[in-house]
Amino acid sequence: MIIRPARIEEVGELSDLCLRSKAHWPYDAEFIEACRDELTITEHDLVQHTVRVAEDVGVPIGVIRLDRTDDGFDLEMLFVEPNCVGKGVGRQLLDWGIDHARAFGAKRMTTVADPHAEPFYAHMGFKKTGVVPSDSIPGPNIALHGLDALAQPSGPNPACI
-11 MIIRPARIEE VGELSDLCLR SKAHWPYDAE FIEACRDELT ITEHDLVQHT VRVAEDVGVP
49 IGVIRLDRTD DGFDLEMLFV EPNCVGKGVG RQLLDWGIDH ARAFGAKRMT TVADPHAEPF
109 YAHMGFKKTG VVPSDSIPGP NIALHGLDAL AQPSGPNPAC I
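Read in the numbering used here, the sequence shown has 90 at position 102, and its numbers run on one by one without any break.
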């Protein structure tokens, strides 16, 4: 698997991947359709934000989108093909995103997590910091998570070398 920049000619394919990934969870078709705009990757996204693709044997199997903020990055998208869920693709994409944020001196990364993905983010060190309204449907609030202390690791403890 490689992680590479997204290409303009694949925005439709990547948007479909996001929808399939969301549909992996027990949502009805009406809800998935309500999420379509929010899960669409556009040419504008590729110009204004950081969008990377996990690719295996020439096939996109995951996508991550990071948006720069004053003190870090918002993790706006992290989606994996349903048949690749649980195989480390999401972790590798998120690890790449964290390294990218560190390279820019970010102190924090935030994400609005689907309730089904909250255990993954907790495992990756994110902490629930609040709730925000859903962008897709009126009513429910969705958990906001943050990952602090993105400063570059200082390396191994000299006492342990």
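All C-beta atoms, glycine included, are put in the ideal place defined by N, C-alpha and C.
Entirely enclosed beta strand (DSSP E) segments - the segment 77 to 110, minimum 3 residues: Fully enclosed beta strand (DSSP E) runs of no fewer than 3 residues occupy 96 to 101 of the segment 77 to 110, in order along the chain.
Local Cβ density within 10 Å of Ile86, reported as buried at 16 or more and exposed below that: Under this definition Ile86 is a buried residue.
Distance, Thr99 Cα to Arg53 Cα: Using only the alpha carbons, I get a separation of about 11 Å.
Gly118 versus Glu106, Asp102, Ala131 and His111, residue with shortest Cα-Cα distance: Looking only at Glu106, Asp102, Ala131 and His111, the smallest Cα-Cα distance to Gly118 is reached by Ala131.
Close Cβ partners of Lys10 (< 8 Å) along its chain, the five nearest in sequence each way excluded: Hits under 8 Å: Ile20, Cys23, Leu27, Phe67 and Asp102.
Span of the beta strand (DSSP E), counted from its first residue to its last, around Arg8: Counting along the chain, no beta strand (DSSP E) covers Arg8; the unbroken alpha helix (DSSP H) around it starts and ends at Val(-1) to Ala11.
Endpoints, the alpha helix (DSSP H) within which Ile49 is located: It is not in any alpha helix (DSSP H) - Ile49 instead sits in the beta strand (DSSP E) that spans Val47 to Arg56.
Stretch pair the segment -6 to 8 + the segment 37 to 44: three plus CB contacts closer than 8 Å: A contact is defined here as three or more CB-CB pairs under 8 Å, and the segment -6 to 8 meets this definition with respect to the segment 37 to 44.
Cβ-Cβ distance between His12 and Pro70 below 7 Å: Yes, they are a contact pair.
Same chain, Cβ closer than 8 Å to Cys148, neighbours up to 5 away in sequence not counted: With a pLDDT of only 40 at Cys148, under 50, the local geometry of the prediction cannot be trusted, and the value read off the model is given with reservation. The beta carbon of Cys148 is closer than 8 Å to none in its chain, skipping five residues each way along the sequence.
DSSP state of Asp25 mapped onto helix, strand, coil: Reduced to three states, the DSSP call for Asp25 is coil.
Contact set for Met(-11): own chain, Cβ-Cβ below 8 Å, skip 5 residues either direction: Around Met(-11): Ala42, Glu43, Asp44, Ile49, Val77 and Gln80.
Neighbour-count burial assignment, Ser104, 16 or more Cβ in a 10 Å radius: For clarity, residue 104 is His in the given sequence; the question names Ser instead. The residue in question, His104, is exposed, as its Cβ has fewer than 16 Cβ neighbours within 10 Å.
Run of the beta strand (DSSP E) containing Leu132, from where it starts to where it stops: Looking at the DSSP string, the run of the beta strand (DSSP E) that includes Leu132 is Asn129 to Asp136.
Ala89 beta carbon less than 7 Å from that of Met97: Yes.
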